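Structure record follows, encoded as structure tokens.
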Amino acid sequence: MARLATALHETGLDPGEVLDECYGVEFPREFFVLAEADPTLLFDVTNQPWKLALPHPPATAAPMAALEREIFSRDGDLLPLGRCLDIDAGFGGLFLCYRLTDLAADRTTVYSVEQHPTATSPIVPRADSLLAALHEHHTAHLARTAAEDRRTAASGEDTRLARKYLTRIAELRRRVSARGRG
């Protein structure tokens with residue numbers, strides 16, 4: 014698919030048009046806002062679809078490619094977006110995914126699935142959008158970090174960083190809203 018994306022970029026298509034051609038669905042604004050900002054969050058993005066939105070996607074598979082294939086094998090309608098970090102908070106260790114059928118119906122519901130899914134692994138709806146899921150995950154991370162800082166009388170630096178993550182997500186949500194008006 015990387016070769017197809019490269020060829021489509023070379024014809025002058027924008028990232029949204031490239032992903033539409035590759036997946037047959039229109040991606041939501043939040044995806045492109047996140048891709049453009051490339052923020053540091055507790056979220057490791059997958060190779061596809063993120064790298065396909067770039068004019069020159071990498072020619073080799075990313076480290077998460079095998080995990081992406083496992084998820085796709087579990088349910089071919091799932092589109093893995095990334096893995097939440099901080100195993101002790103929120104959706105830590107889980108992959109967040111869109112469903113292609115949801116995107117085709119203009120829904121941005123995000124689902125979670127475990128990292129190495131089996132045929133019976135649950136696929137759980139988590140939020141109305143990726144940014145909402147990331148906000149929930151990072152809010153849980155902040156609560157865990159603040160409690161740990163209080164318990165250990167730490168400097169509070171981890172809590173300040175957790176708040177910065179939430180500030181970044183709030184800014185991304187504002188950008189999505191602003192794009193919706195124009």
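Numbering of the sequence shown is given in this note's numbering, commencing with residue 14 and proceeding in unit increments.
Here a beta-carbon is modelled for each residue, glycine too, at the ideal position from N, C-alpha and C.
For clarity, every value in this text was computed on a predicted model and none was experimentally measured.
Length of the line joining the Cα atoms of residue i and residue j
i, j, result
"Ala159", "Gly89", "39 Å"
"His148", "Gly103", "10 Å"
"Gly120", "Ser142", "Going by the sequence as given, residue 120 is Arg instead of Gly. Using only the alpha carbons, I get a separation of about 8 Å."
"Arg164", "Arg157", "10 Å"
"Glu170", "Gly37", "44 Å"
"Thr19", "Asp33", "14 Å"
"Pro28", "Leu65", "8 Å"
"Ile100", "Phe56", "11 Å"
"Leu155", "Ser134", "28 Å"
"His150", "Val58", "15 Å"
"Tyr178", "Arg96", "16 Å"
Per DSSP, cross-strand counterpart(s) of residue i
i, result
"Tyr124", "Cys110, Pro138"
"Pro93", "Cys110"
Beta strand (DSSP E) segment containing residue i, residue limits
i, result
"Asp57", "56-58"
Residue i: first and last residue of the uninterrupted alpha helix (DSSP H) it sits in
i, result
"Glu161", "143-165"
"Ile100", "Careful: Ile100 lies outside any alpha helix (DSSP H) and carries neither H nor E."
"Leu65", "Neither: Leu65 is in no alpha helix (DSSP H) and is coded neither H nor E."
"Ala50", "42-50"
"Gly29", "28-36"
"Ser86", "78-87"
"His22", "15-23"
Buried versus exposed, by CB contacts within 10 Å (16 or more), residue i
i, result
"Ala191", "exposed"
"Ala166", "exposed"
"Asp51", "exposed"
"Glu81", "buried"
"Gly25", "exposed"
"Glu161", "exposed"
"Arg187", "exposed"
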